[in-house]
Each structure stands twice: as C-alpha cells, then as structure tokens.
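First to last, the protein sequences are chains F and U.
Numbering-wise, UniProt numbering puts 132 at position 132 of the first sequence, and it's gapless, one number per residue.
Numbering-wise, UniProt numbering puts 222 at position 222 of the second sequence, and it's gapless, one number per residue.
Glycine included, each C-beta is placed from N, C-alpha and C at the ideal position.
For clarity, every value in this text was computed on a predicted model and none was experimentally measured.
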Amino acid sequence: MAETTLPAAIAATKPRSYWSRVVARFLKHRLAVIGLCFLTVMGLIVIIGPIVSPYDYDYQDFELIGMPSEFSQSHWLGTDELGRDALTRLIHGGRVSLAVGLAGAVIATLLGTLIGALSGFYRGWVDAVLMRFTDVVMSIPTLPLVLLLSGLFRPSPPLLVAIVGILIWMGTARLVRSQFLALREREFVEAARALGAGGARLMFRHILPNAIGPITVAATLAVGSAIMLESALSFLGFGIQPPVPTWGNLLNSASAWLAVAPWLAIPPGLCILCTVLAVNFVGDGLRDAMEPRE
Amino acid sequence: MAEPLVSIADLKVHFTVGRTMFSPGTVVRAVDGVSFDVGRGEVLGLVGESGSGKTTLGRSILRLVEPTSGSVRFEGEEVTTLPPSRLKRLRSRMQIIFQDPYASLNPRMSVGQTLSEALELHAIGTRADRAERVGDLLEQVGLPRAVAQRFPHEFSGGQRQRIGIARALAVNPGFIVADEPVSALDVSIQAQIINLLQDLRQELGLSILFIGHDLSVIEFLCDRVVVLYLGRIMETATAADLYANPRHPYTRALLDAAPVPDPRKRRERITLKGDLPSPSAPPSGCVFRTRCPFAIAACAETVPPLETVGARHQVACIRAGELDLTE
Numbered sequence: 001m002a003e004t005t006l007p008a009a010i011a012a013t014k015p016r017s018y019w020s021r022v023v024a025r026f027l028k029h030r031l032a033v034i035g036l037c038f039l040t041v042m043g044l045i046v047i048i049g050p051i052v053s054p055y056d057y058d059y060q061d062f063e064l065i066g067m068p069s070e071f072s073q074s075h076w077l078g079t080d081e082l083g084r085d086a087l088t089r090l091i092h093g094g095r096v097s098l099a100v101g102l103a104g105a106v107i108a109t110l111l112g113t114l115i116g117a118l119s120g121f122y123r124g125w126v127d128a129v130l131m132r133f134t135d136v137v138m139s140i141p142t143l144p145l146v147l148l149l150s151g152l153f154r155p156s157p158p159l160l161v162a163i164v165g166i167l168i169w170m171g172t173a174r175l176v177r178s179q180f181l182a183l184r185e186r187e188f189v190e191a192a193r194a195l196g197a198g199g200a201r202l203m204f205r206h207i208l209p210n211a212i213g214p215i216t217v218a219a220t221l222a223v224g225s226a227i228m229l230e231s232a233l234s235f236l237g238f239g240i241q242p243p244v245p246t247w248g249n250l251l252n253s254a255s256a257w258l259a260v261a262p263w264l265a266i267p268p269g270l271c272i273l274c275t276v277l278a279v280n281f282v283g284d285g286l287r288d289a290m291e292p293r294e
Numbered sequence: 001m002a003e004p005l006v007s008i009a010d011l012k013v014h015f016t017v018g019r020t021m022f023s024p025g026t027v028v029r030a031v032d033g034v035s036f037d038v039g040r041g042e043v044l045g046l047v048g049e050s051g052s053g054k055t056t057l058g059r060s061i062l063r064l065v066e067p068t069s070g071s072v073r074f075e076g077e078e079v080t081t082l083p084p085s086r087l088k089r090l091r092s093r094m095q096i097i098f099q100d101p102y103a104s105l106n107p108r109m110s111v112g113q114t115l116s117e118a119l120e121l122h123a124i125g126t127r128a129d130r131a132e133r134v135g136d137l138l139e140q141v142g143l144p145r146a147v148a149q150r151f152p153h154e155f156s157g158g159q160r161q162r163i164g165i166a167r168a169l170a171v172n173p174g175f176i177v178a179d180e181p182v183s184a185l186d187v188s189i190q191a192q193i194i195n196l197l198q199d200l201r202q203e204l205g206l207s208i209l210f211i212g213h214d215l216s217v218i219e220f221l222c223d224r225v226v227v228l229y230l231g232r233i234m235e236t237a238t239a240a241d242l243y244a245n246p247r248h249p250y251t252r253a254l255l256d257a258a259p260v261p262d263p264r265k266r267r268e269r270i271t272l273k274g275d276l277p278s279p280s281a282p283p284s285g286c287v288f289r290t291r292c293p294f295a296i297a298a299c300a301e302t303v304p305p306l307e308t309v310g311a312r313h314q315v316a317c318i319r320a321g322e323l324d325l326t327e
C-alpha cells in the first residue's frame with residue numbers, strides 16, 4: 001500500500017534540489033559565512049575603489065617624495081617613498097592579486113580536473129603516465145624554479161597567471177583521479193555503459209557532476225594557494241612588475257622601510273593573511289556543505 | 001526446440017589480481033566454463049551463494065565485464081568479439097537491472113533525464129516524442145507520469161527499482177539480465193517488483209536471466225534454474241523438477257537453507273559448513289567436494305561433467321546416480 005501512496009506524497013512536496021540543501025548547510029557554518037562576507041566586501045572594494053579614489057596608482061605627490069610619509073587627511077594610509085598614495089596602491093594591488101589568484105585557480109582546476117579525470121577513468125597506462133608526470137611536476141621545488149626563471153625573463157600578467165596555474169594543479173588532479181576511480185565503479189555508471197554511453201558522456205555527464213563537491217572545495221582552496229603564490233612571486237621580484245602594484249610587490253618595496261615606516265608593510269600583509277584565511281574558511285564551509293557525512 | 005535467444009558456451013571470466021612488475025599475480029576464476037541457453041520468452045534463474053560468480057556471469061553476457069574465453073551468441077550473433085561500433089546496437093537489445101536501486105540511479109539526474117538519455121543514445125524518437133515515451137515508461141512500471149521531474153533521492157527503494165526497470169525497458173530490449181533486483185528491498189516491496197517483472201514479461205514477451213539467491217522467488221518466477229557454485233554449473237533443471245527432485249548435494253543444501261513457512265515441519269537437512277573456497281585456488285576435481293557431506297576420494301580426482309539425468313535436467317556429480325536427495 002505504502003508503495004502506491006508514496007508518489008502522491010512526493011507530488012505534494014516541493015522538490016528540494018541538491019543546491020538548496022548545500023546552501024542551507026553552508027549558512028550554518030559561521031566562519032565560512034564570515035569569510036564569504038569578508039571576500040565579498042574585499043571584492044567590492046577592489047572593483048569600486050580605484051574608480052572613486054582621487055589618485056591614480058602611479059600618481060606622485062611631489063611634495064612627499066623621498067621618504068614614506070605617515071597617515072594624513074589626504075593620504076589615509078600615508079604615502080610611499082615616491083609620494084604615491086598607499087591606500088590607492090593597496091586597493092589597486094588587491095585588484096591585481098585577486099584577479100591573478102582567481103585566474104590561476106581556474107587554470108589549475110581545469111588542468112587538474114582534466115588530468116585527474118583521464119587518469120581515473122581510463123586507468124592502466126594512461127593513469128601511470130599522467131600520475132608519474134604529476135609526481136614529477138610536484139617534486140619540482142617552486143621557489144628555486146621561479147628564481148631561475150626570474151633571471152631569464154619578466155612575465156606578462158597572462159603568462160604569470162599560467163605559471164601560477166601550472167604550479168598548483170597537482171593536488172586537484174590527484175583528488176579528481178581518486179573521485180573518478182571510485183565513481184566509475186558505481187552502478188549508475190555501469191547502467192549508462194550498458195545503454196551504450198561512450199567515454200566522454202560517462203566522464204562528463206555521469207561521473208563529473210557527482211564529483212563537483214570535492215572539485216569546488218579544491219578550487220576554492222586553490223584560490224588561496226594562487227594568491228599566496230602570486231604574492232610570493234611578486235615579493236621575490238618575479239611577479240607583476242612595478243609600477244603596477246600587487247600585494248606581494250607592495251610588501252617587497254615596503255620591506256626596505258620596515259624600520260622607519262612599518263605602516264607601509266602592515267596593510268598589504270594583513271590583506272594577504274585575511275584573504276587567504278577567508279578563502280580557506282569558505283573552502284571548509286563548502287566541504288561540510290557539499291560532502292555531508294550522512 | 002526453437003533456436004535459443006541467448007546461447008552461452010564454455011564461458012570463462014578470469015581476473016588477474018595483484019600483478020606487479022615483480023609478481024605475475026594470481027588468477028581468480030570467477031566464471032569457469034559455463035554453458036547454457038536462454039529460450040525466447042523464457043525466464044532462467046541463476047542461483048548460488050555470494051561469490052559463486054553469478055553477477056560476473058550476468059555482466060559478461062552484456063560485456064560489461066570482458067569474458068576471457070568462450071562464446072556468447074545473441075540471436076545467433078557472436079557477442080564476445082563484436083567491435084565497439086557494433087556493440088552499441090546490441091545494447092538496445094540486451095539490458096540489465098541492478099541489485100541496489102540506491103546506487104544504480106545517477107543522483108544528479110532527474111528521472112526524466114535518466115530515461116530520456118537511454119532514448120537519446122539510441123536515437124529513438126524526436127525530443128517531443130521522448131518526453132511522451134518517458135511518461136509511458138513510468139506508467140508502464142506503475143509510477144505517475146509527473147515524477148519525471150523528480151530526483152532519485154525523493155523516492156523509496158521500491159520506486160527507484162521501478163525507475164531502474166523503466167530505464168532497462170526504454171530501449172525495447174528482448175533480453176534482460178536482472179541482477180538480484182529484489183534482494184535489497186523490503187519483503188513487502190519485493191512481491192510488488194516481482195509481480196511487475198512477471199507482468200512485463202507476459203506483456204512484452206521478454207526473456208530474462210534472473211540472478212538471485214532467494215529460492216522461493218526463483219521458483220515463482222523462473223521456468224528453468226541453473227545452480228552455480230564457484231563459477232561452475234552444478235545442476236540445471238526446470239524449476240518444478242529442481243525443487244521436487246534435486247540431484248546435486250549443493251542444490252539440496254540450498255533448498256534446505258531456505259526457510260519453510262511451517263515451523264512444525266521437521267526436516268532432515270544438509271547444512272553447509274565453512275565458506276566458499278577461494279576462486280583463485282579452487283579444489284581439485286569437484287569444486288564442491290570440500291563442503292559436500294557425500295564426498296568420497298574419487299571426487300578429488302576428476303571434474304564431474306554435466307550429465308543428463310532426465311528431461312532438461314543435468315547434474316555435475318559423480319554420485320548423482322546413487323544418492324537419493326528427495327525429502
């Protein structure tokens with residue numbers, strides 16, 4: 001009896017999609033919500049800030065050249081040694097850092113997902129070749145490589161994004177591979193195969209949508225790594241080149257004045273710290289929301 | 001007898017496990033030389049314990065698992081050597097129903113998407129036709145048309161199994177492998193699904209290979225039964241004959257293990273002890289001898305051939321002639 005009445009019961013309820021349940025669970029994670037709010041505000045500031053700021057990022061106040069100056073009415077965070085407004089440069093630097101971070105994470109996620117998917121789906125020699133390649137890339141020490149490259153050339157922003165992406169995709173690839181290895185054995189995949197579905201359909205229509213949770217989490221955490229990496233590269237002089245500011249090269253140029261003008265180094269440092277922390281909290285929240293242990 | 005729909009001859013499925021650069025690994029003989037036919041419109045039961053190779057056998061017929069050797073013919077056409085391009089056409093004529101209705105539906109696809117994908121893959125109908133056909137399929141398995149928009153997690157196990165059946169029927173197959181389709185369901189729901197299969201079989205003239213371990217279900221649904229043990233056939237007979245007159249000690253043990261509704265009825269039972277031997281190191285001679293209460297020294301020496309002992313009744317036991325296993 002129950003069997004025949006249940007469809008009626010189903011018809012009476014609203015369909016609750018997977019995503020509405022994810023949102024509900026995410027909102028219960030306080031730190032993640034705070035992190036998301038912080039990132040939203042930060043995003044708005046770096047988008048709107050340069051438009052409303054009275055200064056350009058490379059505008060020099062000739063009266064203040066020579067020494068970093070302290071906070072004032074006209075320069076809220078002071079100026080650097082070249083008389084440029086620190087707040088304007090911080091906001092503009094945030095724009096560059098966040099853009100490079102996001103774009104780098106997108107590249108890393110696409111690359112990692114593709115390699116992981118092929119590895120986990122086809123197994124055998126495809127898996128062996130791709131995973132040994134992943135191991136090789138993983139074993140390359142990032143900073144010495146970057147120092148070597150920086151001796152050879154200065155990257156343009158698109159090239160920098162590509163370099164950031166290429167240096168951080170490996171974790172995603174391993175994660176996606178393990179997801180694919182597990183999911184390809186599930187019966188719904190076998191059912192699709194029994195109906196004659198080919199490799200691409202099985203991978204992208206049946207397996208990938210079921211791995212989207214872990215991939216989203218990995219992508220979020222990759223944004224954090226990409227921002228960190230971009231900052232590290234810029235700090236070492238291999239990132240975006242002055243006069244264009246990024247949080248990393250702001251920190252770099254401020255380091256020379258750390259003893260006399262610490263107010264120049266603290267804001268970009270705090271921005272990097274808080275942004276990466278917020279991204280990681282959001283990643284944790286997404287993990288709990290998308291992969292509930294039920 | 002007319003030409004069978006599916007004809008399996010000396011089918012073997014072996015897996016190599018633990019092979020590395022330094023060790024050749026061990027060979028697991030999941031299915032080891034099985035031959036049988038499934039007639040048109042026939043429901044053939046395949047029984048055996050867990051690990052007897054019944055699921056692997058079912059999947060290798062559809063080439064979801066590649067057979068190691070032997071032959072599977074469908075309507076006279078050899079299946080095991082079909083190139084991938086021709087395999088797809090075969091997929092619309094042979095389908096499978098899975099054991100676990102919670103694992104066999106893609107949780108991210110609505111019921112309508114799942115069913116219409118089957119139609120898309122075989123280019124059945126136009127887009128509008130497909131929506132219509134999805135509704136028809138749902139009605140055919142006893143679900144309202146409107147559930148096409150719903151996702152699998154909104155259904156109970158029995159309803160999901162109906163969806164799984166509808167998916168298998170979507171491409172109009174002539175033959176279905178039903179891999180323990182009711183063993184994951186509540187008993188009350190089992191009867192409904194079995195009745196549905198029975199109705200569909202009559203309505204559509206389906207041939208079914210019904211894999212299971214519940215002997216009462218098999219007796220109700222099947223015309224003929226194959227008893228599998230460690231990848232080999234022990235006995236095969238019509239359902240009525242097998243239940244009334246089992247000739248293999250293993251069949252008898254399976255029948256004895258099934259519960260009987262009358263608690264006062266005292267039976268002399270054969271109880272199996274121990275576990276199934278490893279299919280990577282099967283016993284010599286008769287594979288069942290290690291657990292057989294009637295085993296003699298000769299059982300270890302030769303592999304008993306399947307011998308005909310009655311009308312459509314074959315048994316693989318060298319002592320079949322002298323043992324009386326009827327109750």
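Query raised in the report: Q95 of chain U touches chain F at which residues, Cβ-Cβ below 7 Å?
Result: A194
Query raised in the report: Would G248 of chain F pass as a contact of S225 of chain F if the rule is Cβ separation under 9 Å?
Result: no
Query - Which of helix, strand or coil DSSP assigns to K28 of chain F - result: coil
Requested in this report: Return no unless some Cβ of chain F is closer than 9 Å to the Cβ of R201 of chain U.
Outcome: no
Query raised in the report: If the cut is a Cβ gap below 9 Å, which residues of chain U does R186 of chain F touch?
Result: A103, S104 and N106
Query raised in the report: With 9 Å set as the bound, which would you pick, yes or no: does the beta-carbon of R132 of chain F sit closer than that to a beta-carbon of chain U?
Result: no
Report task. Scan the region 87-145 of chain F and note each continuous alpha helix (DSSP H) run of 4 residues or more that stays entirely inside, going in chain order. Result -> 124-139
Query raised in the report: Using a C-beta cutoff of 9 Å, does R312 of chain U count as contacting chain F?
Result: no
**Report entry** Close Cβ partners of P214 of chain F (< 7 Å) along its chain, the five nearest in sequence each way excluded
**Finding:** L175, Q179 and E291
Query raised in the report: If you drop the 5 nearest sequence neighbours on each side, which residues of the same chain put their C-beta closer than 6 Å to that of S116 of chain U?
Result: R130 and V134
Report task. Answer yes or no: does any C-beta atom of chain U fall closer than 9 Å to that of I212 of chain F? Result -> yes
Query raised in the report: Where does F38 of chain F sit, in a helix, a strand or coil, going by DSSP?
Result: helix
Report task. Just confirm the distance between the C-beta atoms of V17 of chain U and S60 of chain U, as a whole number of angstroms; I'd bet it's less than 8 Å. Result -> No, V17 of chain U and S60 of chain U are not in contact; Cβ-Cβ is about 17 Å, not under 8 Å.
Requested in this report: Under the assumption that A148 of chain U contacts S110 of chain U (Cβ atoms under 8 Å), give the Cβ distance between them as a whole number of angstroms.
Outcome: 7 Å
**Report entry** Of the residues U:I97, U:H122 and U:S284, the one placed nearest A184 of chain U, counting alpha carbons only
**Finding:** U:I97
Query - C-beta atoms of residue 329 of chain U and E235 of chain U nearer than 9 Å - result: In the structure as shown, chain U begins at 1 and stops at 327. Residue 329 of chain U is therefore absent and cannot be evaluated.
Query - CB contact below 9 Å: V291 of chain F versus chain U - result: A small correction: the amino acid at residue 291 of chain F is Glu; Val does not occupy that position in the sequence shown. Closer than 9 Å: no.
Requested in this report: Report all residues from its chain with a CB closer than 7 Å to the CB of T251 of chain U; omit the five preceding and five following residues, and keep chain order.
Outcome: V227, M234, E235 and L242
Report task. Using the Cα positions of V146 of chain F and P155 of chain F, report the straight-line distance between them to the nearest angstrom. Result -> 11 Å
Report task. Could you tell me the distance, in whole angstroms, from the CA atom of Y102 of chain U to the CA atom of H29 of chain F? Result -> 29 Å
Query raised in the report: Where are the alpha helix (DSSP H) runs, 4 residues long or more, that stay fully inside the region 167-249 of chain F, in chain order?
Result: 170-183, 187-194 and 212-235
Query raised in the report: Do the region 161-176 of chain F and the region 95-109 of chain F make contact, defined as three or more Cβ pairs closer than 8 Å?
Result: yes
Query raised in the report: Checking contacts by CB at 9 Å: is Q99 of chain U closer than that to chain F?
Result: yes
Query raised in the report: Along chain F, which residues have their Cβ under 9 Å away from the Cβ of V171 of chain U?
Result: L195 and G196
Report task. Give the straight-line distance between the Cα atoms of L221 of chain U and R91 of chain U, rounded to the nearest whole angstrom. Result -> 24 Å
Query raised in the report: Under the three-state reduction of DSSP, which class applies to L11 of chain U: helix, strand or coil?
Result: strand
Query raised in the report: What are the start and end residues of each continuous alpha helix (DSSP H) run of 4 or more residues lying completely inside the region 97-140 of chain U, in chain order?
Result: 111-121 and 127-140
Requested in this report: Measure the C-alpha to C-alpha separation of L276 of chain U and R312 of chain U and round it to an integer number of angstroms.
Outcome: 28 Å
**Report entry** Q95 of chain U (DSSP reduced to helix, strand or coil)
**Finding:** strand
Requested in this report: Have a look at F175 of chain U and S207 of chain U and give me their C-alpha separation to the nearest angstrom.
Outcome: 5 Å
Query - Contacts that P122 of chain U makes with chain F (C-beta to C-beta distance below 9 Å) - result: Rather than Pro, the amino acid found at residue 122 of chain U in this sequence is His. Simply L195 and G196.
Requested in this report: Output, in chain order, the set of chain U residues within a Cβ distance shorter than 7 Å of P245 of chain F.
Outcome: Those do not exist, as P245 of chain F stays about 43 Å from chain U at its closest Cβ, beyond 7 Å.
Report task. Can you check DSSP and say which residues form a bridge with H313 of chain U? Result -> U:G310
Query raised in the report: Which residues, in order along the region 74-94 of chain U, keep a beta-carbon less than 9 Å from a beta-carbon of chain F?
Result: P84, L87, K88, R89, L90, R91, S92 and M94
Query raised in the report: Using the rule of at least 16 other Cβ atoms within 10 Å of the residue's Cβ for burial, across every protein chain shown, is T220 of chain F buried or exposed?
Result: buried
Report task. Entirely within the region 25-106 of chain U and at least 4 residues each: give me those alpha helix (DSSP H) ranges in chain order. Result -> 54-61 and 84-91
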